[in-house]
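Here is the structure we will look at.
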Amino acid sequence: MRKDPRNSTAYRAEVATRLVEQAYPTLDFSLRITPEEYQARWHQVQAAMQAEGYSLLYACGSELDRSDLAWLAGIYDPIIERYGLLLPAEGRPVILA
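Residue numbers (our numbering): 37 to 133.
What follows is the structure in structure tokens.
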């Protein structure tokens, strides 16, 4: 029985590379969210936490539910099944994966 070459890692990598090469010229990079915007979001959440007396926030996501972490820190990885983020009332967040 012969193996289907389409199941090989090399074939999949080649297909992925071709797709990226085709799509890349059409991407609008002006829509990127800057690091400064993410920092402003952290500060907004941290101000709300401090107003309510919270010292730590835990946000979680998965390959199926990514909206909270995507908004808060730009985190989305469809390969990682579960991941999270710890945001202290002051300072930078810590990503857990």
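For each residue, glycine too, the CB sits at the ideal point set by N, CA and C. No experiment lies behind these values; they were computed from the predicted model shown.
### Query
Using DSSP with H/G/I as helix, E/B as strand and the rest coil, what is P129?
For the purposes of this step, residue 129 is taken as residue 93 along the sequence shown, with counting starting at 1. P129: coil per DSSP, three-state reduction.
### Task
For P71, count neighbouring C-beta atoms within 10 Å of its own C-beta (all shown protein chains included) and say buried if the count is 16 or more, exposed if not.
Mapped onto the sequence shown, residue 71 falls at position 35. Exposed: under 16 other Cβ atoms inside 10 Å.
### Query
Can we count I115 as close to the ligand PLP, meaning its CB is less than 6 Å from some heavy atom?
No copy of the ligand PLP appears in this structure; indeed no ligand is present at all.
### Task
Look at I131 and L121 and say whether their C-beta atoms are less than 7 Å apart.
Here residue 131 corresponds to residue number 95 of the sequence shown, with the count starting at 1. Here residue 121 corresponds to residue number 85 of the sequence shown, with the count starting at 1. Taking 7 Å as the cut-off, the Cβ atoms of I131 and L121 count as close.
#### Entry: Rounded straight-line distance, which links the Cα of R38 to that of F65
Position 29 of the sequence shown, counting from 1, holds the residue named residue 65. Position 2 of the sequence shown, counting from 1, holds the residue named residue 38. F65 and R38: Cα-Cα distance of roughly 44 Å.
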